[in-house]
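Asks: Just dropping this structure here.
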Amino acid sequence: MTMTTKPRLMQGNEACVEGAIVAGMRFYAGYPITPSTEIAELAAEKLPKVGGKFIQMEDEIASMGAVIGASLAGLKAMTATSGPGFSLKQENIGFACIAEVPCVIVNVQRGGPSTGLPTLPAQGDVMQARWGTHGDHPIIVLSPSYVREVFDLTIRAFNLSEKYRIPCILLMDEVVGHLREKVELPDPTTLKIINRKKPDLSKIGHYNPYQDYDGDGIPPMVNFGDGIPYHVTGLIHDITGFPSTKPEVTEHLISRLMRKIYNNIDDIVEYEKFFTDDAETVIVSFGSTARSAIRAVKILRKEGQKVGLIRLKTIWPFPRKAIQELPSTTRNIIVAEMNFGQLREVVEAASRGRFDIIGLNKYNGELISPDEVIAKVREVHKNA
Amino acid sequence: MEERFEIRLSGSGGQGLILAGIILAEAAILDGKNAVQSQSYGPEARGGASRSEVIISNTDIDYPKVTKPKILLALTDEALHKFKDNIADEGVIIIDSSVKKVDTPFKIIQLPIIETARNKIGKSMVANMVAVGVITELTKAVSREGVEKAILNRVPKGTEELNIKAFNAGCNLAEQI
Numbered sequence: 003m004t005m006t007t008k009p010r011l012m013q014g015n016e017a018c019v020e021g022a023i024v025a026g027m028r029f030y031a032g033y034p035i036t037p038s039t040e041i042a043e044l045a046a047e048k049l050p051k052v053g054g055k056f057i058q059m060e061d062e063i064a065s066m067g068a069v070i071g072a073s074l075a076g077l078k079a080m081t082a083t084s085g086p087g088f089s090l091k092q093e094n095i096g097f098a099c100i101a102e103v104p105c106v107i108v109n110v111q112r113g114g115p116s117t118g119l120p121t122l123p124a125q126g127d128v129m130q131a132r133w134g135t136h137g138d139h140p141i142i143v144l145s146p147s148y149v150r151e152v153f154d155l156t157i158r159a160f161n162l163s164e165k166y167r168i169p170c171i172l173l174m175d176e177v178v179g180h181l182r183e184k185v186e187l188p189d190p191t192t193l194k195i196i197n198r199k200k201p202d203l204s205k206i207g208h209y210n211p212y213q214d215y216d217g218d219g220i221p222p223m224v225n226f227g228d229g230i231p232y233h234v235t236g237l238i239h240d241i242t243g244f245p246s247t248k249p250e251v252t253e254h255l256i257s258r259l260m261r262k263i264y265n266n267i268d269d270i271v272e273y274e275k276f277f278t279d280d281a282e283t284v285i286v287s288f289g290s291t292a293r294s295a296i297r298a299v300k301i302l303r304k305e306g307q308k309v310g311l312i313r314l315k316t317i318w319p320f321p322r323k324a325i326q327e328l329p330s331t332t333r334n335i336i337v338a339e340m341n342f343g344q345l346r347e348v349v350e351a352a353s354r355g356r357f358d359i360i361g362l363n364k365y366n367g368e369l370i371s372p373d374e375v376i377a378k379v380r381e382v383h384k385n386a
Numbered sequence: 003m004e005e006r007f008e009i010r011l012s013g014s015g016g017q018g019l020i021l022a023g024i025i026l027a028e029a030a031i032l033d034g035k036n037a038v039q040s041q042s043y044g045p046e047a048r049g050g051a052s053r054s055e056v057i058i059s060n061t062d063i064d065y066p067k068v069t070k071p072k073i074l075l076a077l078t079d080e081a082l083h084k085f086k087d088n089i090a091d092e093g094v095i096i097i098d099s100s101v102k103k104v105d106t107p108f109k110i111i112q113l114p115i116i117e118t119a120r121n122k123i124g125k126s127m128v129a130n131m132v133a134v135g136v137i138t139e140l141t142k143a144v145s146r147e148g149v150e151k152a153i154l155n156r157v158p159k160g161t162e163e164l165n166i167k168a169f170n171a172g173c174n175l176a177e178q179i
């Protein structure tokens, strides 16, 4: 059995920092905002103790810029924010996408739009996490439901961002961020930590920073300061890193950015299935809302109702397979989320008309309760 | 212990209810049980409605919020009015003596929580620990030893003695019921 620490009471935001440090985070830049502030506080306390750096920047976009700079210089870097700050970071998140800079952005969601509901939960940034920055780009978005899972998925966010040279977003919500629960952490030496791929310079005559040497779409990365200067830009660039407007260069770059992610969907996508094998109705949910759905499924199963759950741990790329592999018994999908129905449309597209898709949406600053999930399932079964 | 033992601590911001919830949850974990603590508050640093919720269980806790608490602590009139009807069967409402009693089918226990902190301990700030003492002694949902350890883990350095004293005063209040 894996060694674990003694059980202790830990907050979701605290587990994020613990996970980040185990994953190798040695740089944090941020601008505090509820309900993510504890992440900044704890990063400020813990990073200097492991030789890392914490900096509170003048605003969110500058924080994102600092994170990009730190990562190019070789440090694993993270920032954390909530909706309003996430909006401000988007321009530089796009820069990290095109320049392929590994980094982790935590968004502890609160009610929006704008400053919205500062202290109350929501899951209204599902689409912003996907398309908040402009232009064609892939992105990886993970969403934890438990405090222990915040720890695990923060490490996974670093691992995926390092492996694929892509910004990775940890999409939490206020409930999971502020919840304290009993946690036992694993022995860090038993965990798999991935570091960015470096080139074998003895085999490469001249290093091109954006050349796909290995054919996997992921260019090996030399850290700034390691003796090989190169050009990094937000403009479309060729393998040398210098700007180009040539159609073939543009197409090659964008295609490669997409290919390195979409050829590895099975490595990136994670979800959990509960009681879906014979389910007539399947609930799709994520984050704290999924915990209400689990309770609802347990209660309904005791009554003999054929209900199951898909709990998404990866939201983007969307796990289409999870929907498409549902059994022939499944007729309805209820998408439970604390927003007006952002994920519902994605589930609908993935289901290709096979299922009735029903939204269970709450956007009043309160977590969806198990009773509300149960009521929705009963309503669907009554109308069937 | 039944599947979920739910506690709701309510009052206004600045009364230390979140810390009280953290201490009860941590004590449960030190006792070898499972626990979660969550909170709800407004944007103000002080004032405004505040609540802290604790669920103690011997099994996994899926839904992390309190629905029908066995114990409701209300330190303000506003909190009592807001939460008095959402109580488990045989649930108990604990109110401070400064709070006006209301009509309710549930049992109300009124105790001088804030006054004890102010007059006996000398700091109204530690009313939260007096309340933790009352709840510990009344419910036995957590052990006194567990709570004492949790207090030492969680309160600011230099205030340990003060907080333990307040906790013990709370236990004594409940013993006299």
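If you read the protein sequences in the order shown, they are chains P and L.
For the first sequence, this note's numbering assigns the number 386 to the last residue and increments by one with no breaks.
For the second sequence, this note's numbering assigns the number 179 to the last residue and increments by one with no breaks.
Backbone N, C-alpha and C define an ideal beta-carbon position, used for all residues, glycine too.
Can you tell which of P:Arg354, P:Ala42, P:Leu162, P:Ile360 has its C-alpha closest to the C-alpha of Ile267 (chain P)?
Replies: P:Leu162
Asks: With C-beta atoms as the reference, is Arg6 (chain L) less than 7 Å away from Ser40 (chain L)?
Replies: Not closer than 7 Å, so no.
Asks: Evaluate Ile230 (chain P) with the Cβ neighbour count: other Cβ atoms within 10 Å of its Cβ, from every protein chain shown; 16 or more gives buried, anything less gives exposed.
Replies: exposed
Asks: Indicate whether at least one CB of chain P lies closer than 7 Å to the CB of Lys67 (chain L).
Replies: Yes, Lys67 (chain L) counts as interfacial toward chain P.
Asks: Just curious, the beta strand (DSSP E) that Gly13 (chain P) is in, first and last residue?
Replies: Position check: residue 13 (chain P) holds Gln in this sequence, whereas Gly was assumed. 10-13 is the span of the beta strand (DSSP E), which, as asked, contains Gln13 (chain P).
Asks: Between the alpha carbons of Gly343 (chain P) and Ala298 (chain P), how many angstroms are there, rounded?
Replies: 20 Å
Asks: If we define contact as Cβ-Cβ less than 7 Å, is Ile31 (chain L) a contact residue for chain P?
Replies: yes
Asks: Taking Glu28 (chain L) as the query, report the chain P residues whose CB atoms sit under 7 Å from its CB, ordered along the chain.
Replies: Leu11
Asks: Does Ser40 (chain L) have its Cβ less than 7 Å from a Cβ in chain P?
Replies: yes
Asks: State the CB to CB distance for the pair Val284 (chain P) and Ile312 (chain P), rounded to an integer number of angstroms; the pair is presumed to be in contact (CB under 8 Å).
Replies: 6 Å
Asks: Identify the contact partners of Val177 (chain P) in chain L, using a Cβ-Cβ distance below 9 Å as the criterion.
Replies: Ser40, Pro66, Lys67
Asks: Can you give me, in chain order, the residues of the region 110-132 of chain P that have a beta carbon less than 8 Å from any beta carbon in chain L?
Replies: Pro120, Thr121, Leu122
Asks: In angstroms, rounded to a whole number, what distance separates the CA positions of Cys99 (chain P) and Ile168 (chain P)?
Replies: 6 Å
Asks: Determine, using beta carbons only, whether Ser65 (chain P) and Gly118 (chain P) come nearer to each other than 7 Å.
Replies: No, the Cβ-Cβ distance between Ser65 (chain P) and Gly118 (chain P) is not below 7 Å.
Asks: Are there three or more Cβ pairs, one per stretch, closer than 8 Å when the region 65-85 of chain L is compared with the region 136-152 of chain L?
Replies: A contact between stretches requires three or more CB pairs, one per stretch, nearer than 8 Å, and the region 65-85 of chain L meets this requirement with the region 136-152 of chain L.
Asks: Just by C-beta distance, which residues in the region 182-213 of chain P are closer than 8 Å to chain L?
Replies: Here the close residues are Arg182, Glu183, Lys184.
Asks: Could you have a look at Asp189 (chain P) and say whether DSSP puts it in helix, strand or coil?
Replies: coil
Asks: At 7 Å on the CB atoms, spell out the chain P contacts of Pro45 (chain L), in chain order.
Replies: Among the residues of chain P, those whose CB is under 7 Å from the CB of Pro45 (chain L) are Pro120, Thr121, following chain order.
Asks: So for Tyr33 (chain P), helix, strand or coil by DSSP?
Replies: coil
Asks: Between the beta-carbon of Ala131 (chain P) and the beta-carbon of Ile171 (chain P), is there less than 7 Å?
Replies: yes
Asks: Could you check which residue in P:His233, P:Ser145, P:Asn334, P:Leu193 has the C-alpha nearest to that of Glu274 (chain P)?
Replies: P:Ser145
Asks: Is the separation between the beta-carbon of Phe160 (chain P) and that of Ala25 (chain P) shorter than 7 Å?
Replies: yes
Asks: Between the region 251-265 of chain P and chain L, which residues of the former have CB atoms less than 9 Å from a CB of the latter, in chain order?
Replies: The residues in question: there are none.
Asks: In terms of alpha-carbon separation, which member of L:Val157, L:Ser126, L:Ala119 lies closest to Asn174 (chain L)?
Replies: Per the Cα distances, L:Ala119.
Asks: Which residues in chain P sit within 8 Å of Ile179 (chain L), going by Cβ to Cβ distance?
Replies: Within 8 Å Cβ-Cβ: nothing; Ile179 (chain L) doesn't reach chain P, min ~29 Å.
Asks: With burial defined as no fewer than 16 other Cβ atoms inside 10 Å of the residue's Cβ, what is the status of Asp202 (chain P): buried or exposed?
Replies: It counts as exposed.
Asks: Counting only beta-carbon separations shorter than 7 Å, does Arg293 (chain P) have a partner in chain L?
Replies: yes
Asks: Under a Cβ-count criterion, where at least 16 other Cβ atoms within 10 Å of its own Cβ denotes burial, should Gly113 (chain P) be classed as buried or exposed?
Replies: buried
Asks: Just to confirm the assignment, what range does the beta strand (DSSP E) spanning Pro86 (chain P) have?
Replies: In this chain, Pro86 (chain P) is not harboured by any beta strand (DSSP E); it is covered by the alpha helix (DSSP H) spanning 85-101.
Asks: Determine the direct distance from the alpha carbon of Thr69 (chain L) to that of Leu11 (chain P), and round the result to whole angstroms.
Replies: 21 Å
Asks: Starting from Val387 (chain P), trace the beta strand (DSSP E) in both directions and tell me its first and last residue.
Replies: Outside the displayed range of chain P (3 to 386) lies residue 387 (chain P), so it cannot be described from this structure.
Asks: Which residues, in order along the region 6-26 of chain L, keep a beta-carbon less than 7 Å from a beta-carbon of chain P?
Replies: Ile24
Asks: To the nearest angstrom, how far is the alpha carbon of Ala292 (chain P) from that of Leu362 (chain P)?
Replies: 12 Å
Asks: Listed from N- to C-terminal order along the chain, which residues in the region 350-371 of chain P have their beta-carbon within a distance smaller than 8 Å of any beta-carbon of chain L?
Replies: When C-beta distances to chain L are compared with 8 Å, the residues of the region 350-371 of chain P below that value are Leu369, Ser371, in chain order.
Asks: Say yes only if the C-beta of Glu347 (chain P) is nearer than 6 Å to one or more non-hydrogen atoms of the ligand MG, and no if none qualify.
Replies: Of ligands this structure carries none, so the ligand MG is not represented either.
Asks: Flag Ala37 (chain L) as yes if its beta-carbon sits less than 7 Å from any beta-carbon of chain P, otherwise no.
Replies: yes
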